[in-house]
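Numbering (full-length UniProt numbering), first residue to last: 1 to 301.
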């Protein structure tokens, strides 16, 4: 890797071939982030010092004065240059891409909490961690919310759990191929689901804006990129609205369905929680009127 320093003084630029390491900052910004950079450097060094070569499959070698990994060993494992990683532990004013952070977290054997802390120190959006709840626990949670429709989405909005009322309302995701068990895919690419929503254009566009805001920090993830690509091909509206770059936070809203068996149903959608560091979210749908509440039983009859 070749590294080049362009300019001098407080506005110097560090440029290199490795994606995500170039940066420019004003003098004021540098001063404001100095403590954060030092905390990041100290954290990385402390995690490096606690790992032994044997734990990462490296020989101990002679003349090792400290039990932890050397900088050059971690740099090699993470796929970055020794010079650049040294600058990082020296709290130099360089930025770090999400890909590099993920690589460092993996090679340092960070726990989920440590991984989140690393990303926070680097001023990056939270990293996706490992799920902490088993599929059986998730299924039990949504089943307990019956007869109200309920479901759990993962970080990409793929369905990971749903109860029988949700399946009766929109169709059973289990009947779809695994790659299509996704809320956006159902709304934009499945005609049956599109026909259920009374205000499909308004609901679909708002849902897409929420999705874009939720997954912005993982836009280059293969699953996210693949979903966007296939939906552009499957739905002209998706392509048009995606190009508009609208974003919106999640807000509880009312969705009205024209169900072929139960008739008109109105639900208020509520996000109960973001469940863990993996980005999974639990949703339930509360009847918005007495008529809908009375019809719930007919959905699963």
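All C-beta atoms, glycine included, are put in the ideal place defined by N, C-alpha and C.
From the DSSP secondary-structure annotation, give me the bridge partner or partners of residue i.
i: residue 151; result: 162 and 283
i: residue 266; result: 256
i: residue 182; result: 158
i: residue 271; result: 283
i: residue 197; result: 257
In whole angstroms, what separates the C-alpha of residue i from that of residue j?
i: residue 286; j: residue 198; result: 17 Å
i: residue 46; j: residue 279; result: 27 Å
i: residue 53; j: residue 107; result: 11 Å
i: residue 89; j: residue 56; result: 20 Å
i: residue 191; j: residue 173; result: 14 Å
i: residue 297; j: residue 101; result: 49 Å
i: residue 265; j: residue 289; result: 9 Å
i: residue 154; j: residue 217; result: 15 Å
i: residue 42; j: residue 58; result: 23 Å
i: residue 227; j: residue 209; result: 15 Å
i: residue 246; j: residue 239; result: 12 Å
i: residue 267; j: residue 171; result: 16 Å
i: residue 295; j: residue 222; result: 41 Å
i: residue 44; j: residue 229; result: 37 Å
i: residue 195; j: residue 38; result: 55 Å
i: residue 140; j: residue 200; result: 31 Å
i: residue 84; j: residue 68; result: 19 Å
Within its chain, find whatever has a CB closer than 8 Å to the CB of residue i; leave out the 5 residues flanking it on each side and keep chain order.
i: residue 36; result: 121 and 123
i: residue 135; result: 160 and 161
i: residue 193; result: 170, 171, 186 and 187
Going by CA-CA distance only, name the one from the options that's closest to residue i.
i: residue 185; options: 231, 212, 67 and 217; result: 231
i: residue 225; options: 256, 179 and 266; result: 179
i: residue 169; options: 258, 176, 65 and 271; result: 258
i: residue 251; options: 42, 173 and 283; result: 283
i: residue 143; options: 221, 175, 51 and 162; result: 162
i: residue 50; options: 33, 110, 77 and 181; result: 110
i: residue 214; options: 194, 241, 200 and 249; result: 249
i: residue 91; options: 136, 67, 40 and 229; result: 40
i: residue 292; options: 262, 270, 281 and 269; result: 262
i: residue 241; options: 188, 96, 136 and 43; result: 188
i: residue 237; options: 205, 222, 34 and 69; result: 205
i: residue 253; options: 65, 246, 270 and 38; result: 270
i: residue 118; options: 239, 97 and 193; result: 97
i: residue 33; options: 68, 93 and 69; result: 93
Which same chain residues end up closer than 7 Å to residue i when comparing Cβ atoms and leaving out the 5 residues on each side of it in sequence?
i: residue 164; result: 146 and 300
i: residue 82; result: 71, 72 and 75
i: residue 151; result: 142, 159, 161, 162, 166 and 283
i: residue 203; result: 197 and 255
i: residue 211; result: 157 and 184
i: residue 138; result: 152, 160 and 161
What's the call for residue i, buried or exposed, on a 16-neighbour Cβ count within 10 Å?
i: residue 86; result: exposed
i: residue 233; result: exposed
i: residue 244; result: exposed
i: residue 21; result: Legend: pLDDT at residue 21 = 38, less than 50; position of this residue unreliable, value from coordinates given subsequently. Counting Cβ neighbours within 10 Å, residue 21 comes out buried, since at least 16 surround it.
i: residue 48; result: buried
i: residue 207; result: buried
i: residue 272; result: exposed
i: residue 235; result: buried
i: residue 260; result: exposed
i: residue 281; result: buried
i: residue 65; result: exposed
i: residue 175; result: exposed
i: residue 181; result: buried
i: residue 28; result: The pLDDT assigned to residue 28 is 38, lower than 50, so where the model puts this residue is not dependable; a value taken from the coordinates is nonetheless given after this. When all chains shown are included, residue 28 counts as exposed.
Considering only residues of the same chain and omitting the five flanking positions on each side of residue i, which have a CB-CB separation below 6 Å?
i: residue 78; result: 103, 104 and 107
i: residue 149; result: 165, 166, 169 and 285
i: residue 306; result: Since the first residue of the chain shown is 1 and the last is 301, residue 306 is not available in this structure.
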